[in-house]
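K.L.:
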Amino acid sequence: MTAETPVEHLTEAAARAELFRLAQEIARADDAYHLKDAPEISDATYDALKRRNAAIEARFPALKRPDSPSDRVGAAPAEGFAKVRHERRMLSLANAFAPEEIAEFDARIRRYLGLAPDAPLVYTAEPKIDGLSLSLRYEGGRLVQAATRGDGETGENVTANARTLADIPDRIDGAPEILEVRGEVYMSHADFEALNARQAAAGQKTFANPRNAAAGSLRQLDPAITASRPLNFFAYGWGALSAPLADTQKGAIDRLAGFGFPVNPLTALCDGPDALMAHYTAIEQRRATLGYDIDGVVYKVDDLTLQERLGFRSTTPRWAIAHKFPAELAWTRLEKIEIQVGRTGALSPVARLHPVTVGGVVVSNATLHNEDYIAGRDAKGDPIRDGKDIREGDWVQVYRAGDVIPKVADVDLSKRPEGALPYAFPTTCPECGSDAIRDEGDSVRRCTGGLICPAQAVERLKHFVSRGAFDIEGLGAKQVEMFYRDETLPIREPADIFTLQDRDARNLSKLRNREGWGEKSAANLFAAIDARRTIPLNRLIFALGIRHVGEVNADLLARNYLTWQAFESAMTNATVGEGAEWAHLLSIDGVGRVLAESLVTAFHQPAERASIDRLVAHLTIEPVQPRGQVDSPVAGKTVVFTGTLEKMTRAEAKARAEALGAKVAGSVSRKTDLVVAGPGAGSKAKQAAELGIETIDEEAWLTLIGTA
Ligand SMILES: NC(=O)c1ccc[n+]([C@@H]2O[C@H](COP(=O)([O-])OP(=O)(O)OC[C@H]3O[C@@H](n4cnc5c(N)ncnc54)[C@H](O)[C@@H]3O)[C@@H](O)[C@H]2O)c1
Ligand SMILES: [Zn+2]
1 MTAETPVEHL TEAAARAELF RLAQEIARAD DAYHLKDAPE ISDATYDALK
51 RRNAAIEARF PALKRPDSPS DRVGAAPAEG FAKVRHERRM LSLANAFAPE
101 EIAEFDARIR RYLGLAPDAP LVYTAEPKID GLSLSLRYEG GRLVQAATRG
151 DGETGENVTA NARTLADIPD RIDGAPEILE VRGEVYMSHA DFEALNARQA
201 AAGQKTFANP RNAAAGSLRQ LDPAITASRP LNFFAYGWGA LSAPLADTQK
251 GAIDRLAGFG FPVNPLTALC DGPDALMAHY TAIEQRRATL GYDIDGVVYK
301 VDDLTLQERL GFRSTTPRWA IAHKFPAELA WTRLEKIEIQ VGRTGALSPV
351 ARLHPVTVGG VVVSNATLHN EDYIAGRDAK GDPIRDGKDI REGDWVQVYR
401 AGDVIPKVAD VDLSKRPEGA LPYAFPTTCP ECGSDAIRDE GDSVRRCTGG
451 LICPAQAVER LKHFVSRGAF DIEGLGAKQV EMFYRDETLP IREPADIFTL
501 QDRDARNLSK LRNREGWGEK SAANLFAAID ARRTIPLNRL IFALGIRHVG
551 EVNADLLARN YLTWQAFESA MTNATVGEGA EWAHLLSIDG VGRVLAESLV
601 TAFHQPAERA SIDRLVAHLT IEPVQPRGQV DSPVAGKTVV FTGTLEKMTR
651 AEAKARAEAL GAKVAGSVSR KTDLVVAGPG AGSKAKQAAE LGIETIDEEA
701 WLTLIGTA
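In the UniProt record's numbering, the protein residues as written are 1 to 708.
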């Protein structure tokens, strides 16, 4: 965004032109965000556009366009989904940022209702979950339809997808005949990270943030994909109802909780703006530790009779407001672009910034993703930021979301220093001088130096000693850097760790005599290294640091090959794209082509292979057990639990089944072997019957697994 004329100085002609430009820009952002689940601008930039549009409309009401963004919610349903017309519209929320706006919200409501400034007026305050809204329609206690918000009037039918969420009950007891429960579908930070890791390993697209991941996962034409994605749900409201739930917002939410819907535990009753502000601050302080994204706090008038009297504006209720957290962005000077070389050789451009405070944190570095991003293109070659590139010396907008690494979101061309040149992305590795190449379809340029590249070697060593890998006490990232550069007692590859003590014994300058070390700490380090000479197979596979082999995949591989001998010989004999070993590797559920190719290639790269062999010579590798007991009657079977279990919780039942080697699925499909149905089992039991899948009750299940 370039410097803007303040709204109060706009001429009518300029205002008209700008309303046109804003309508287009906002419509484009809405499409990218709501339909493609892939935003092109930050939320803060988007909110700023909407605010400016509203401010111009307020000053020139006659210029308001028939297609004004102020009167629109979301985006029309995407092609491919059946459409659902909402019996009661699904709206958006008005926004507030400053404390004065909260006082103003309270005052406005009092004026509207004719309440004295000191008359009691209670609000609920709860986190604003950053996911996507979903409306669940129950008739006679059964889930009959689930729909996204769409444009507020018409949403997308995602019933089959919603049924795969464990947080969404199929059947509820004691509810009104017709009940539409509304709430937010979201993905936790942990699930988001794991999903992106799996997607990357399988060579599939990754998501920019948990909200997009949640929306992209729910809005799938194939419900089986939704079923494989870890989604959660919080209920916060309702649509159509055949009988009132309660007299108050809080009372109604409590009833939804009683029906079995998760509701947010941070919901509080507040008796005015001061109490709202206090709860806002309390929630903001817990934001980073919640484990899921929230983007503000929602205030609602608690008394439902008053809500009814207040009613709605074109796109928002008068009785609620979203108090958003401060925009986590700021403008600053990009001083230099530096290239970091990672464990797998990826050249990552980093922006060195003139330090600036963003959302309360001082930021001096931000990621620039890759060379296309700097050049103003996306992976497909289409322009981003209207095609503006980023250069050293530029004035840039830095953006932080939650605890994610800061990003450079935008650039102000009007402040570009004279003579600034387009950034020339290096084609050789700045650390080792090897060629840095880009594979077809890869957005990343990689150093081809492999183990001769010091940057890759150090990063791989750091990975080798990290938590899920060898996790050697006293040998962290800092010590690894130090040993790597050490002349007399170097650690240049993993095998060197296990010869350290022998080499130290033969060395004149002993570790214990060095600065920062003593008799005790040196002895402790050697003991810690010795303790890891025996290592489980899954940890070893993970520690090798092969591209795309994360902890989850390493575990998968270990449980499949069971011993190092089997794994090593399979990798040695495998050929990419053909043969029995290759076919076996690909047949493992969760192993995709990209991962398989990366593994086989690593084992056939001579220097890499030699380094693995040198390491393994020092180790005793423990075989792993296949998951669960192999000889149990349910081993290898796919089991679905539905309805109420009486002897144990769902979580417990799942854990026990898994311990016995069964796979527990959330929804019934042709792959299901067994359905365990308790009282109240709904559509899943029906589906099982239709597919001819064996269905038993809890008692029979307990007998089967031998614990009745
Ligand atoms: N980056 C972009 O390009 C882009 C484009 C469009 C929209 N957006 C973002 O989307 C949002 C605007 O869209 P919007 O119309 O959905 O408004 P909104 O997300 O600001 O507010 C309305 C939504 O809040 C949700 N919500 C979460 N917790 C809630 C609670 N406890 N009670 C009630 N509602 C709750 C509901 O889903 C509701 O639909 C903004 O945050 C905007 O930045 C971004
Ligand atoms: Zn290199």
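Even for Gly, the Cβ is constructed at its ideal location relative to N, Cα and C.
(1) Less than 7 Å between C-beta atoms, sequence neighbours within five positions excluded: which residues of the same chain meet that for E519?
(2) What is the DSSP secondary structure of H34, counted as helix, strand or coil?
(3) Run the CB neighbour count on M90, radius 10 Å, all protein chains shown included, and call it buried at 16 or more, exposed below.
(4) Of the residues T428, W582, I588 and A523, which one's Cα is nearest the Cα of V552?
(5) Given the structure, does Y236 come close to ligand 3, in the sense that its CB is under 7 Å from one of the ligand's heavy atoms?
(6) Could you tell me whether any non-hydrogen atom of ligand 1 is closer than 7 Å to the CB of S42?
(7) How about the segment 417 to 433 and the segment 371 to 378: do they share at least three Cβ pairs that are nearer than 8 Å?
(8) Between which two residues does the beta strand (DSSP E) carrying T281 extend?
(9) Look up S364 in the DSSP assignment and say whether it is helix, strand or coil.
(10) Residues in the same chain with beta-carbon distance under 8 Å from S598, minus the five sequence neighbours each way, listed in chain order, please.
(11) Less than 7 Å separating the Cβ of S133 from some heavy atom of ligand 1?
(12) Indicate the three-state DSSP secondary structure (helix, strand or coil) for I390 in the structure shown.
(13) Sort K686, A700, L691 and P679 by Cα distance to D173 and report the nearest one.
(14) Where DSSP assigns a beta bridge to S414, which residues make up the other side?
(15) If T164 sits next to P77, beta carbons under 8 Å apart, how far is it from one beta carbon to the other, in whole angstroms?
(16) Three-state secondary structure (DSSP) at V458?
(17) Can you find the residues in the same chain that come closer than 8 Å, C-beta to C-beta, to A607, ignoring five residues on each side of it along the sequence?
(18) What's the gap between the Cα of L10 and the Cα of Q456?
(19) For the segment 525 to 545 against the segment 557 to 564, do three or more pairs of beta-carbon atoms, one drawn from each stretch, fall closer than 8 Å, so that the two count as touching?
(20) When we look at the beta-carbon of R354 and count the other beta-carbons within 10 Å, is it buried (16 or more) or exposed?
(21) Please report the distance separating the alpha-carbon of W319 from that of A48.
(22) Looking only at its chain, what residues have a beta carbon closer than 7 Å to the beta carbon of T428, apart from the 5 residues adjacent to it on each side?
(23) Could you tell me whether the segment 224 to 240 touches the segment 614 to 626, using the rule of 3 or more Cβ pairs below 8 Å?
(24) Given that a residue counts as buried once 16 or more other Cβ atoms are within 10 Å of its Cβ, and exposed if not, what is G345?
(25) Check whether the segment 669 to 676 and the segment 689 to 701 are in contact - that is, three or more C-beta pairs closer than 8 Å.
(26) Check for me: the beta strand (DSSP E) holding P355 runs from which residue to which?
(27) Can you grab the Cα-Cα spacing for the pair L93 / A554, in whole Å?
(28) Taking the alpha carbon of G296 as the point to measure from, which residue in P430, R149, I491 and I102 has its own alpha carbon closest?
(29) I'd like to confirm the pairing. Which residues does DSSP put opposite W331 in its beta bridges?
P.N.:
Inspection of the coordinates gives the following:
(1) R512
(2) helix
(3) buried
(4) I588
(5) Among the ligands present in this structure, namely ligand 1 and ligand 2, ligand 3 is not found.
(6) yes
(7) yes
(8) Counting along the chain, T281 falls outside any beta strand (DSSP E), though it belongs to the alpha helix (DSSP H) covering P273 to R286.
(9) strand
(10) I546, R547, H548 and V549
(11) yes
(12) coil
(13) P679
(14) DSSP, once it has assigned bridges, lists no residue as partnering S414.
(15) Between P77 and T164 the Cβ distance is about 20 Å, and since that is not below 8 Å, they are no contact.
(16) helix
(17) G450, L451 and I452
(18) 55 Å
(19) yes
(20) Arg is not the amino acid found at residue 354; the sequence shown has His there. Classification for H354: exposed.
(21) 23 Å
(22) S434, D435 and A436
(23) no
(24) buried
(25) yes
(26) L347 to V358
(27) 45 Å
(28) I102
(29) Q397
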